[in-house]
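J.: Right, I'll just put the structure down here and ask away after.
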Amino acid sequence: MREAELWERMNDALPAGYAASWAESVVLEDLGGRTVHEALATGIPCKTIWRAVWRQLELPARLR
236 MREAELWERM
246 NDALPAGYAA
256 SWAESVVLED
266 LGGRTVHEAL
276 ATGIPCKTIW
286 RAVWRQLELP
296 ARLR
C-alpha cells in the first residue's frame, strides 16, 4: 500500500477534514504507542499502519 492510499482510506473512514488531526494525536498500541505520523516517520509500512487504524476505529471487515 502506498502512503496516498493510506490517506485516502483514512479520509474515507473519518469525518471530513479530520484524518490529519487524528493521525497526529491518536496513539495506537498496535503501532508500539506511536501516532500514524510517527509510524510513517519511522518507516512502518502503510499496510501495517492501516491495519492498526482499522482495528482502532472498529471498521467493518470490508474496509480491511
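Quick note: the sequence shown uses this note's numbering, first residue 236, plus one each step.
Every residue, glycine too, gets a C-beta built ideally from N, C-alpha and C.
Being a predicted model, the structure only gives us computed values, none of them experimental.
Just list the alpha helix (DSSP H) runs in the stretch 245-296, keeping only unbroken ones of 4 residues or longer that don't cross its boundaries, in chain order.
T.: Taking only runs of at least 4 residues, the alpha helix (DSSP H) segments lying wholly in the stretch 245-296 are 254-260, 271-276, 281-292.
J.: Measuring straight from C-alpha to C-alpha, what distance separates residue 278 and residue 257?
T.: Distance between the alpha carbons of residue 278 and residue 257: 19 Å.
J.: Using CA coordinates, which residue listed in 237, 247, 240, 236 is at the minimum distance from residue 292?
T.: The residue with the shortest Cα to Cα distance from residue 292 is 247.
J.: Please classify residue 274 as buried or exposed, where buried requires at least 16 neighbouring CB atoms within 10 angstroms.
T.: Looking at its Cβ environment, which holds 16 or more other Cβ atoms inside 10 Å, residue 274 is buried.
J.: In angstroms with no decimal places, state the Cα-to-Cα distance between residue 276 and residue 259.
T.: Near 12 Å, if we compare the C-alpha coordinates of residue 259 and residue 276.
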